[in-house]
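Input: a single structure, listed below in structure tokens.
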Amino acid sequence: MGFLKRNEIKEKEVPIMPEPKVEVKEIEPSFSQKKSLSQRRNLSLFEGDTVKYLIENFPTMSIGIQNGLNNLADILEDTINYIEDRSSEIIKKNREFTTSQEHRDTAIAIYDVVQNINNYVSWMQDEYESNMRKEAPTKDSKVATLTNELKEESVNTAKEASPSQATTEEQIEIYKDFSLKDPKGFTLHNHNVLVEDWDDLLVKTAAILTKQYRSNKNSNKIVKNIQPLEKKSTQNSFRDTVIEMLTEYKINLDEFKIIIKNK
Numbered sequence: 028m029g030f031l032k033r034n035e036i037k038e039k040e041v042p043i044m045p046e047p048k049v050e051v052k053e054i055e056p057s058f059s060q061k062k063s064l065s066q067r068r069n070l071s072l073f074e075g076d077t078v079k080y081l082i083e084n085f086p087t088m089s090i091g092i093q094n095g096l097n098n099l100a101d102i103l104e105d106t107i108n109y110i111e112d113r114s115s116e117i118i119k120k121n122r123e124f125t126t127s128q129e130h131r132d133t134a135i136a137i138y139d140v141v142q143n144i145n146n147y148v149s150w151m152q153d154e155y156e157s158n159m160r161k162e163a164p165t166k167d168s169k170v171a172t173l174t175n176e177l178k179e180e181s182v183n184t185a186k187e188a189s190p191s192q193a194t195t196e197e198q199i200e201i202y203k204d205f206s207l208k209d210p211k212g213f214t215l216h217n218h219n220v221l222v223e224d225w226d227d228l229l230v231k232t233a234a235i236l237t238k239q240y241r242s243n244k245n246s247n248k249i250v251k252n253i254q255p256l257e258k259k260s261t262q263n264s265f266r267d268t269v270i271e272m273l274t275e276y277k278i279n280l281d282e283f284k285i286i287i288k289n290k
């Protein structure tokens, strides 16, 4: 056998094969997995201490938050009803049981949110009422003093004025326009209360409603359908908040009157 000379040996280069790319495909989570993930995101609007601070220092604003959450819960309940109607239609028309079940699962998830909101509002209401009870002795004393002052002032005015000049202070039903008007007090049935300004009016209205008309909220009382006069103004924004409270406690709007300050 012959031997090749060293310079006659041709070294062959071994080609380097590129490393194969491994494509990692993200697996889309199933509907049930998505639902499970969403359930971990509980309703967490504020820390408890934040809400308590609001209730103690800005009670009227906390009532506004409660009303807003109640409105959101109502919208979500309407959404649930709509989804359930569509779910039933899908089964009847197309026999799409899988899609129908996904719709129903979504409705159940939304219902959980509604329950969460209701519990949250209930907790806020309990905190609000607890705070009102703490301040009740001071407020009751102040309200009583202001009421007596209002009555005395009315009596004195009547005594000082001649029969032709004696007039009652202007009282306007809550559903009317209060642009450029400031409150001196308000009347509701046998309650006559003096106030310093609109913010004070909101606080004292809330105090009377939660203390004297609490049972109204769950009653079957039917109230008159009175539409407030719509006109944008700072005063009417306060008025609208009062109207929301009165509506919640099922009080007719023509039963609540505001005594106007004389300019």
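So the sequence shown is numbered by the working numbering: it starts at 28 and just counts up by one. We put the beta carbon where it would ideally sit given N, CA and C, even for glycine.
Cβ pair residue i, residue j closer than 7 Å
| i | j | result |
| --- | --- | --- |
| Tyr276 | Asn247 | no |
| Asp204 | Lys258 | yes |
| Met16 | Thr237 | This structure does not reach residue 16, given that the chain is present from 28 up to 290, and the question cannot be answered. |
| Ile253 | Tyr202 | yes |
| Arg126 | Ile117 | The sequence as given places Thr at residue 126; Arg does not occur at that position. Yes, Cβ-Cβ distance for Thr126 and Ile117 is below 7 Å. |
| Tyr147 | Ile82 | no |
| Asn94 | Glu271 | yes |
Cβ shell of residue i (< 7 Å), same chain only, five flanking positions each side left out
| i | result |
| --- | --- |
| Arg138 | Going by the sequence as given, residue 138 is Tyr instead of Arg. Only Ile107 meet the Cβ criterion. |
| Leu369 | Since the first residue shown for the chain is 28 and the last is 290, residue 369 is missing from the structure and cannot be characterised. |
Straight-line Cα distance separating residue j from residue i
| i | j | result |
| --- | --- | --- |
| Tyr240 | Ser115 | 42 Å |
| Asp132 | Ile90 | 32 Å |
| Ala234 | Asp105 | 32 Å |
| Asp226 | Val250 | 26 Å |
Reduced DSSP category for residue i - H, G, I as helix; E, B as strand; rest coil
| i | result |
| --- | --- |
| Asn217 | coil |
| Ile92 | helix |
| Gln254 | coil |
| Ile110 | helix |
| Phe205 | coil |
| Ile144 | helix |
Close Cβ partners of residue i (< 8 Å) along its chain, the five nearest in sequence each way excluded
| i | result |
| --- | --- |
| Asp76 | none |
| Arg122 | none |
Residues near residue i by beta carbon distance below 6 Å, same chain, minus five either side
| i | result |
| --- | --- |
| Ile278 | none |
| Lys288 | Asp209, Lys211 |
| Thr274 | none |
Cβ distance (whole Å) where residue i is taken to contact residue j below 8 Å
| i | j | result |
| --- | --- | --- |
| Leu229 | Phe265 | 6 Å |
| Lys211 | Val220 | The pair is not a contact, with the Cβ atoms about 10 Å apart (cut-off 8 Å). |
| Asp281 | Glu200 | 5 Å |
| Ala134 | Ile102 | That belief does not hold up - the Cβ atoms of Ala134 and Ile102 are roughly 14 Å apart, past 8 Å. |
Proximity test, Cβ basis, 7 Å: residue i and chain D
| i | result |
| --- | --- |
| Leu103 | Structure shown: chain D not included; a single protein chain is present. |
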